[in-house]
Amino acid sequence: MIPIRASMMGLAAGLIMLAFAAAAAKRDVPVIVGVEEELDACGSWAEVSGLNPKGDGFLAVRGGPGSDYPMRDRLRAGDAFFVCDVSRDGKWMAIVYPRKGQTSDICGVSGAIPKPREYRGPCASGWVNAAWVRVLAG
Numbered sequence: 003m004i005p006i007r008a009s010m011m012g013l014a015a016g017l018i019m020l021a022f023a024a025a026a027a028k029r030d031v032p033v034i035v036g037v038e039e040e041l042d043a044c045g046s047w048a049e050v051s052g053l054n055p056k057g058d059g060f061l062a063v064r065g066g067p068g069s070d071y072p073m074r075d076r077l078r079a080g081d082a083f084f085v086c087d088v089s090r091d092g093k094w095m096a097i098v099y100p101r102k103g104q105t106s107d108i109c110g111v112s113g114a115i116p117k118p119r120e121y122r123g124p125c126a127s128g129w130v131n132a133a134w135v136r137v138l139a140g
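Residue 109 in the numbering used here sits at position 107 of the sequence shown; the count goes up by one each step and never skips.
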């Protein structure tokens, strides 16, 4: 009887730890488009640039403005995207980018929209480190 009770206590402790870890995990920070009423929903066009040739070869797209947010995707040198916002410290950019096989014109952020809203597709979105971004227009 004692081994069963000990294993049940271990299971309970594990579930409690799992619940705390889930509560502590950062929630995604949505990309907001259309902040400026008369301007394009995402005001700049940019590309991945300056990656370390001896590094991992990609720019991580994250769920929020920081390396402690989960990685959602990877962009390669030369991949282009819309810049919709910048973090308060200027180190992270909120972006919208076409998925593989899509073209940028279907993203729906190159013109004005009536009011700010969370971007929900059809293209992908997330946050990237601004150090590896070259703004091409806007």
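Even glycine gets a Cβ: it sits at the ideal position worked out from N, Cα and C.
These figures come from a predicted structure and were not determined experimentally.
Short Cβ contact (7 angstroms threshold) for residue i with residue j
i    : j   : result
D70  : V50 : no
W129 : P67 : yes
P118 : V37 : yes
S89  : D42 : no
G123 : W47 : no
Supposed contact pair residue j and residue i - C-beta distance, whole angstroms, cut 8 angstroms
i    : j    : result
Q104 : C125 : 6 angstroms
G59  : L53  : 7 angstroms
R64  : P72  : 7 angstroms
E39  : A133 : Not a contact, Cβ separation roughly 30 angstroms.
Range covered by the beta strand (DSSP E) that runs through residue i
i    : result
N131 : A126 to N131
Y71  : Careful: Y71 lies outside any beta strand (DSSP E) and carries neither H nor E.
T136 : Note that residue 136 is Arg in the sequence shown here, rather than Thr. Residues V135 to A139.
I97  : W94 to Y99
D87  : A82 to V88
Candidates the options: closest to residue i by CA position
i    : options                  : result
G97  : K28, L41 and N131        : Here residue 97 is Ile; the residue named in the question, Gly, does not match the sequence. Closest option to I97, Cα to Cα, is N131.
M95  : I108, R122, L41 and V137 : V137
G57  : A48, W47 and R78         : R78
K102 : G92, I34 and F83         : F83
R29  : D107, L61 and R74        : R74
S106 : E120, S127 and K93       : S127
Cutoff 7 angstroms: residue i Cβ touching any chain C Cβ
i   : result
A48 : Within the model displayed, chain C is absent; a lone protein chain is all it includes.
*Entirely within the region 29-72 and at least 3 residues each: give me those beta strand (DSSP E) ranges in chain order.*
46-50 and 61-64
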